[in-house]
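For the sequence shown, our numbering assigns the number -3 to the initial residue and increments by one for each residue that follows. Comments concern the structure below.
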Amino acid sequence: MDAPAPVVLVGGGHAAAAFVNSVRRAGHEGPLVLISDEPVPPYHRPPLSKKYLSDALPVEQILIRAAAWYDEQKVMLRLGTRVTAIDRAARRVELADGSTVDYSQLVLLTGARPRRLPADIGGDLQGVLVMRSLADAAAMAPHLVAGRRLLVVGGGYIGLEAAAVAATKGLQVTLLEAAPRILQRVAAPTTADYFRALHRERGVDIREGVALRRLLAEGDRVCGAELQDGQTIVADVVLVGIGVHANVELAERCGLAIDNGIAVDEFCRTSDPAILAAGDCCSFPFRGRRIRLESVQNANDQAAVAAHTVAGKNMAYAALPWFWSDQYDTKLQIAGLNQGYDDAVPRPGKTERSLSVWYYQGDSLLAVDAINDAAAYVTAKKLLERGASVSKGAVRDPAAQFKDWLA
Ligand SMILES: Cc1cc2nc3c(=O)[nH]c(=O)nc-3n(C[C@H](O)[C@H](O)[C@H](O)COP(=O)(O)OP(=O)(O)OC[C@H]3O[C@@H](n4cnc5c(N)ncnc54)[C@H](O)[C@@H]3O)c2cc1C
């Protein structure tokens, strides 16, 4: 009798590593093949704009699992090769190297790729970089030299984190944000104010509410930027951090439903019962709406859900979203999702540098940003996991104790 076709994973990021771990723990013993277009096994992406970038760590230190672990889990790793097509009728994927792999079930863990600036405004000049992969970090590393001038385009978390690393290394950093303020899409003004002040203290020139007109070049190399208001900025290197596109094209081309990502249900099943998806590449139903998240927590938790589905032990996705960002010596921890908030209540922490921001819709707590305030984060996470809230009055009252909120 023929051996059963393997479960095939497309993509080698956080979700892939978590899937392998979960599917074996869930009791699935069949063959697994992991195909990734990157040359190394799955690694932690967050350090790329944080410690890995600043300290030039060896790659081994950021691998999620050592290469040998995949052997122990009986996973065939096919690295450095891309899946180019899915033949759903034949249950087969085609690879860029011309080979094909049959699957019993297919799990799409293709993640996301950075948005780039259009070529007609200089987006493809030399020295215009993005930050998503080890290759991107390697391209950035030689530029991290004191005295050089870095322009960061985009005031989201990745741009701010890279700006922090560069400023600490003595670069002259300008950060440009077209929206009225940094972190506009993801955080309340209080959180943005905190990080703006933090960066300005360290000498980062943050310019908000002004868009880039075009990048300037000397030959084919970037040398600066012209802004919509006519100002010019001199730069030796430009880092573009303006969000990502979910990698949905493989799924789209084979006719799977797409809705701001590969559309999956609460069990990570796509519109084809033999194909699942998890992580940054997919959108899923969550508390009455469809969302797509870009976080390690989500990649790990969704991968665990997909793994249970593959193992025939359905487990609906119900995890509480959480996120973090490190900038200089400041740690931001976020519990919950603030989308749809109508009020954000600040609460000073125990030290001058600590603060939390409590997001509400009506009287319901949605999320908390905790800045250098682990106690606020832990309290908020527990409340949100229970579906509980705390009054705005208590948040505003400096004498109110976190432990009483959980009683
Ligand atoms: C610089 C940076 C900092 C971050 N910081 C944080 C943070 O502090 N906290 C946090 O929670 N999250 C952070 N994130 C986000 C987090 O890393 C992502 O949410 C997470 O990596 C998503 O995991 P994933 O497995 O879904 O996708 P990815 O990690 O993107 O992995 C997808 C993989 O699939 C491969 N692939 C895609 N298409 C194909 C194909 N056709 N064939 C073969 N392989 C393919 C890709 O090359 C990639 O290796 C950060 C991300 C970046 C880039």
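The beta-carbon is built from N, C-alpha and C at its ideal position, and this holds for glycine as well.
Item, Value
"Close Cβ partners of Thr170 (< 6 Å) along its chain, the five nearest in sequence each way excluded", "Leu147, Asp201, Ile229"
"As assigned by DSSP and simplified to three states, the class of Val244", "coil"
"Any 3 or more C-beta pairs closer than 8 Å across the region 366 to 373 and the region 340 to 356", "yes"
"Option in Arg392, Gly199, Tyr153, Tyr99 with minimal Cα separation from Leu272", "Tyr99"
"Sufficient close CB pairs (3 or more, under 8 Å) joining the region 28 to 39 to the region -1 to 15", "yes"
"Contact set for Pro317: own chain, Cβ-Cβ below 7 Å, skip 5 residues either direction", "Leu289, Ser291, Gln293, Asn294, Gly332, Leu333"
"The beta strand (DSSP E) enclosing Tyr356, as first and last residue numbers", "351 to 357"
"Secondary structure of Lys46, DSSP reduced to three states", "coil"
"Residue interval of the alpha helix (DSSP H) (run including Phe282)", "Premise fails: Phe282 lies in the beta strand (DSSP E), 278 to 282, not in any alpha helix (DSSP H)."
"Distance cut-off 6 Å: Met127 Cβ against heavy atoms of ligand 1", "yes"
"Assigned secondary structure, Asp201 (DSSP; H/G/I helix, E/B strand, else coil)", "strand"
"Secondary structure of Val391, DSSP reduced to three states", "helix"
"Ser291: CB within 6 Å of a non-hydrogen atom of ligand 1", "yes"
"Whole-angstrom distance between Leu113 and His139, CA atom to CA atom", "20 Å"
"Proximity test, Arg209 beta-carbon vs ligand 1 heavy atom, cut-off 6 Å", "no"
"Spatial neighbours of Lys388 in its chain, beta-carbon cut-off 8 Å, leaving aside the 5 residues before and after", "Asp339, Val341, Trp354, Tyr356, Asp359"
"Same chain, Cβ closer than 6 Å to Asp132, neighbours up to 5 away in sequence not counted", "Val126"
"Test item: CB-CB of Val29 and Gln69 under 7 Å", "no"
"Three-pair Cβ contact test at 8 Å for the region 92 to 111 versus the region 273 to 289", "yes"
"Element boundaries [alpha helix (DSSP H), containing Gly155]", "153 to 164"
"heavy atom of ligand 1 below 6 Å from Pro37 C-beta", "no"
"Neighbour-count burial assignment, Ala137, 16 or more Cβ in a 10 Å radius", "exposed"
"Bridge partners - Thr326, DSSP secondary structure assignment", "Gln323"
"Bridge partners - Met72, DSSP secondary structure assignment", "Val29"
"Beta-carbon proximity list for Arg265, same chain, < 6 Å, skipping 5 on both sides", "Leu272"
"Within 7 Å, strictly: CB atoms of Lys378 and Leu351", "no"
"Test item: CB-CB of Val3 and Val306 under 7 Å", "yes"
"Thr80: first and last residue of the uninterrupted alpha helix (DSSP H) it sits in", "Note, Thr80: premise wrong, no alpha helix (DSSP H); beta strand (DSSP E) at 79 to 83."
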